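A.B. asks:
In mature numbering (1 follows the signal peptide of the UniProt record, and there is no 0), the protein residues as written are -27 to -1, 1 to 205.
1) At the level of alpha carbons, what is the spacing between residue 128 and residue 73?
2) Which value, in whole angstroms, describes the spacing of the CA atoms of residue 92 and residue 18?
3) Which two residues bound the contiguous beta strand (DSSP E) that contains residue 124?
4) Of the choices 187, 22, 195 and 70, whose alpha-carbon is the least far from that of residue 34?
5) Report yes if the CB atom of residue 174 is closer than 9 Å to the CB atom of residue 163, and no otherwise.
6) Sorted by chain position, which residues of the same chain lie with C-beta nearer than 7 Å to residue 170's C-beta, five sequence neighbours on each side aside?
7) For residue 168, does the three-state DSSP call read helix, strand or coil?
8) Give, in chain order, every unbroken run of the alpha helix (DSSP H) that is at least 4 residues long and sits entirely within the region 35 to 110.
9) If you follow the beta strand (DSSP E) that residue 22 is part of, which residue opens it and which one closes it?
10) Out of 31, 156, 77 and 45, which has the shortest C-alpha to C-alpha gap to residue 14?
11) Is the separation between the beta-carbon of residue 58 and that of residue 28 shorter than 9 Å?
12) Taking the beta strand (DSSP E) that residue 149 falls in, what are its first and last residues?
13) Flag this pair as yes or no: are the beta carbons of residue 123 and residue 7 separated by less than 9 Å?
14) Rounding to the nearest angstrom, what Cα-Cα distance links residue 106 and residue 88 in this structure?
15) Quick check on residue 3: buried or exposed, where buried means 16 or more other Cβ atoms within 10 Å of its Cβ?
16) Following the continuous beta strand (DSSP E) through residue 160, name the residue where it begins and the one where it ends.
17) Can you give the Cα-Cα distance for residue 111 and residue 10, rounded to whole angstroms?
18) Could you pull out every residue in the same chain whose Cβ sits closer than 7 Å to the Cβ of residue 206, ignoring the five residues on either side in sequence?
19) Check for me: the beta strand (DSSP E) holding residue 194 runs from which residue to which?
20) Helix, strand or coil: how does DSSP classify residue 115 here?
21) Leaving out five residues on either side along the sequence, give the residues of the same chain with a beta carbon under 7 Å from the beta carbon of residue 117.
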């Protein structure tokens, strides 16, 4: 690489859809990208660790969430990724802060809330991008325990050159297969990008301990994730 030549950057998709890649938005329950508007109880918390892959980009993330007051969840996330498509490999660290507020939970099974998140990249050889998202969360609980979630949001990425502002969306479902096993199906995307599709499984190993895995495609890339969550 010539001294004046810029290194390839990791795709801004990780900031446009922060829940998708490597622990951006810790509020969504693994392995889902689409967030839920579930009821939040004061004192609830969680710690989670995961591995993710998108194309030739791989990474690990660590996140923690806590509900300090009823209906409000605060989440912090750390992630490290490596893009093996770059030459040489490009590594990047990121941090995130997410807030979720769910003021509406009806007896009919409908709930609604808002989610806000901020992400910052920490790159070794170039200024990191910064991103913000604001989204509307809707959830419906059906007879039999199935859940349907819908997200509508707006993403703003601050980067070298023109900033990116895009609308984002997501539609997902959780289908209980057994007392301890749940199937997740979802589709999601942003303006001017091909929609992502993903299927996953969530297994409750013990009270407060869950394992998850998912496979899919997003913007032409294969995506996969593995995760473990400890709730308390």
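All C-beta atoms in this analysis are idealised placements derived from N, C-alpha and C, irrespective of residue type, glycine included. No experiment lies behind these values; they were computed from the predicted model shown.
C.D. replies: Let me lay it out:
1) 16 Å
2) Approximately 21 Å, taken between the alpha carbons.
3) 120 to 131
4) 22
5) no
6) 160, 189 and 190, listed in sequence order.
7) coil
8) Counting only unbroken stretches of 4 or more residues, no alpha helix (DSSP H) element lies wholly within the region 35 to 110.
9) 18 to 27
10) 45
11) yes
12) 137 to 151
13) yes
14) 8 Å
15) buried
16) 154 to 163
17) 6 Å
18) Past the edges of the chain, shown from -27 to 205, lies residue 206, and the structure says nothing about it.
19) 194 to 204
20) In the three-state reduction of the DSSP assignment, residue 115 falls in the coil class, being assigned neither a helical nor a strand state.
21) none
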